[in-house]
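Chains as they are written, first to last, in my numbering: chain A, 450 to 684; chain B, -1 to 191. Working notes for the structure below.
This is how it looks when you write it as structure tokens:
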């Protein structure tokens, strides 16, 4: 199970997606500006509270992020290595370790957004933020990506099963990549062209009707938090 | 309940077709993140994400290839699990993977422009192997260059540490993907598409 939207009734779930996006951006800015033990301590408390407010366990989130965390932590480790004794310098690794830790905090806060925001709310936010035809293409494109992803994953899995059943796993790796990709592409193009036809048949327009986004009093604390973080960042 | 009375401004056939293809390519690049092969040249397994970037540039051309990769980033940012290891979220766009992710639209545009010799599309299957391979090598340079640069900035480390920790283990596999991509572009099964 990857991190994805989970329906819920928490305060964070009820916030306007735009406030949540602003909080994330402000949090990232604050984390980059205050990459000191004290700054990160404050942000740790804040980040964990935000995640807790969505009723998501930190342990599970870290587990879901485990592959990303290797890339987040490895550079600090490599930077600390030295030629000759003592082989590892804590002084050299200190700055990079703090920098890696801030990335971890940013990832936790964005996980809080991901689990608490349905994709259609984010689509509406994109449509609001990017005006005109570009915004329309962006929000429709993202909506299509969301819907295509599971179908294409199933396509690729089916191709790999078929290949394994025919001992395709014994072939050289270049052949396997080629076979999986060609099968995947063939089906993907077919699906895209069928979809384009279907969209045209259903009056795919530049000006459709979308759910109306509305800020409520609940969003005030979120916006105040974002403003506070940005203020702290420029101090 | 209020109703809106206004004209419907229809999207043209060509744009709808290209948008659908760009979206499907973005989703395919995301789905490729879940497909991993054992790597004969390095301990890090091969995932096919970068192959998605190559093919977006080659098959969709510079403009729609870049649009497709931008959609991929946007979808990931709002929580669709398309990034490496099935991760998602705005954090990935400013975290350690930032350089890699932001390089994808640029690399797709560059590869598309080099293969098609400009903005107008030609049949990619007829491009010479030298042109295809050269374009993809240029794409790899952009992807890894920006990727390593991103790690140095975000993780506050030197270029060498960033390269060793974040690129060295993955680069050998790119050669395999480039060879595979040439075979894919030349495949007769795709020429009808």
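Just so it is clear, CB atoms sit at the ideal spot from N, CA and C, and this is done for glycine as well.
Do residue i and residue j have their C-beta atoms closer together than 8 Å?
i: residue 162 of chain B; j: residue 629 of chain A; result: no
i: residue 144 of chain B; j: residue 101 of chain B; result: yes
i: residue 92 of chain B; j: residue 477 of chain A; result: yes
i: residue 150 of chain B; j: residue 160 of chain B; result: yes
i: residue 136 of chain B; j: residue 108 of chain B; result: yes
i: residue 597 of chain A; j: residue 21 of chain B; result: yes
i: residue 553 of chain A; j: residue 518 of chain A; result: yes
i: residue 479 of chain A; j: residue 669 of chain A; result: no
i: residue 147 of chain B; j: residue 97 of chain B; result: yes
i: residue 626 of chain A; j: residue 178 of chain B; result: yes
i: residue 525 of chain A; j: residue 155 of chain B; result: yes
i: residue 500 of chain A; j: residue 494 of chain A; result: no
i: residue 471 of chain A; j: residue 646 of chain A; result: no
i: residue 83 of chain B; j: residue 516 of chain A; result: yes
At 7 Å on the CB atoms, spell out the chain B contacts of residue i, in chain order.
i: residue 627 of chain A; result: 178, 181, 182
i: residue 578 of chain A; result: Near residue 578 of chain A there are no residues of chain B at all, since even the closest Cβ is about 11 Å away, more than 7 Å.
i: residue 528 of chain A; result: 155, 156, 159
i: residue 494 of chain A; result: Within chain B, no residue comes near residue 494 of chain A; the closest Cβ sits about 18 Å away, beyond 7 Å.
i: residue 591 of chain A; result: 69, 72, 73, 76
Which of helix, strand or coil does DSSP assign to residue i?
i: residue 450 of chain A; result: Legend: pLDDT at residue 450 of chain A = 48, less than 50; position of this residue unreliable, value from coordinates given subsequently. Looking at residue 450 of chain A - three-state DSSP - the assignment turns out to be coil, as it is neither helix nor strand.
i: residue 44 of chain B; result: strand
i: residue 681 of chain A; result: helix
i: residue 85 of chain B; result: strand
i: residue 530 of chain A; result: strand
i: residue 198 of chain B; result: The structure shown does not extend to residue 198 of chain B, since chain B is modelled only from -1 through 191, so no value can be given for it.
i: residue 653 of chain A; result: coil
i: residue 137 of chain B; result: helix
i: residue 77 of chain B; result: coil
i: residue 456 of chain A; result: coil
i: residue 489 of chain A; result: helix
i: residue 125 of chain B; result: coil
i: residue 663 of chain A; result: coil
i: residue 510 of chain A; result: helix
i: residue 484 of chain A; result: coil
i: residue 16 of chain B; result: helix
i: residue 195 of chain B; result: Because chain B here runs from -1 to 191, residue 195 of chain B falls outside it and cannot be looked at.
i: residue 620 of chain A; result: coil
For residue i, which option in the options has the closest C-alpha, if you only look at C-alpha atoms?
i: residue 581 of chain A; options: A:681, A:541, A:655, A:596; result: A:655
i: residue 566 of chain A; options: B:147, B:86, B:63, B:136; result: B:86
i: residue 593 of chain A; options: A:622, A:632, A:635, A:642; result: A:642
i: residue 636 of chain A; options: A:576, A:615, A:602, A:561; result: A:602
i: residue 140 of chain B; options: B:104, B:159, B:127; result: B:104
i: residue 171 of chain B; options: B:44, B:30, B:113; result: B:44
i: residue 126 of chain B; options: B:117, B:113, B:119, B:118; result: B:113
i: residue 58 of chain B; options: B:12, B:31, B:148; result: B:12
i: residue 31 of chain B; options: B:17, B:115, B:188, B:51; result: B:51
i: residue 24 of chain B; options: B:6, B:36, B:75, B:154; result: B:75
i: residue 90 of chain B; options: A:558, A:568, A:507, A:584; result: A:558
i: residue 588 of chain A; options: B:65, B:133, B:169; result: B:65
i: residue 681 of chain A; options: A:548, A:490, A:483, A:454; result: A:483
i: residue 661 of chain A; options: A:458, A:467, A:459, A:452; result: A:467
i: residue 575 of chain A; options: B:187, B:69, B:153; result: B:69
i: residue 492 of chain A; options: A:646, A:556, A:454, A:611; result: A:556
i: residue 560 of chain A; options: A:503, A:652, A:615, A:611; result: A:503
If the cut is a Cβ gap below 8 Å, which residues of chain A does residue i touch?
i: residue 104 of chain B; result: Ordered by position in chain A, no residue passes the 8 Å Cβ test against residue 104 of chain B, which lies about 18 Å from the chain.
i: residue 127 of chain B; result: Here the premise fails: no neighbours, minimum Cβ distance about 15 Å.
i: residue 32 of chain B; result: 602, 605
i: residue 6 of chain B; result: 652, 654, 656
i: residue 110 of chain B; result: Within chain A, no residue comes near residue 110 of chain B; the closest Cβ sits about 16 Å away, beyond 8 Å.
i: residue 164 of chain B; result: 520, 523, 524
i: residue 93 of chain B; result: 517, 521, 552, 555, 556
I want to verify the contact list: residues of chain A whose CB lies under 9 Å from the CB of residue i, in sequence order.
i: residue 187 of chain B; result: 631, 632, 634, 635
i: residue 35 of chain B; result: 622, 625, 626, 629
i: residue 28 of chain B; result: 594, 597, 598, 601, 602
i: residue 88 of chain B; result: 470, 473, 474, 477, 555, 558, 559, 562, 563
i: residue 38 of chain B; result: 621, 622
Any idea which residues DSSP pairs residue i with across the strands?
i: residue 112 of chain B; result: Beta-bridge pairing links residue 112 of chain B to no other residue.
i: residue 35 of chain B; result: B:44
i: residue 8 of chain B; result: A:654
i: residue 537 of chain A; result: A:530
Under 9 Å between beta-carbons, which chain B residues line up against residue i? List them in chain order, please.
i: residue 623 of chain A; result: 174, 175, 177, 178, 181
Starting from residue i, find everything on chain B with Cβ-Cβ shorter than 8 Å and list it in chain order.
i: residue 568 of chain A; result: 76, 77, 78
i: residue 545 of chain A; result: 153, 154, 155, 159
i: residue 575 of chain A; result: 72, 76
i: residue 454 of chain A; result: 77
For the ligand SAH, any of its heavy atoms closer than 7 Å to the Cβ of residue i?
i: residue 98 of chain B; result: Because no ligand of any kind appears in the structure shown, any question about the ligand SAH cannot be addressed here.
Residue i touches chain A at which residues, Cβ-Cβ below 7 Å?
i: residue 149 of chain B; result: 524
i: residue 121 of chain B; result: The premise fails here: residue 121 of chain B is roughly 15 Å from chain A at the closest Cβ pair, so nothing lies under 7 Å.
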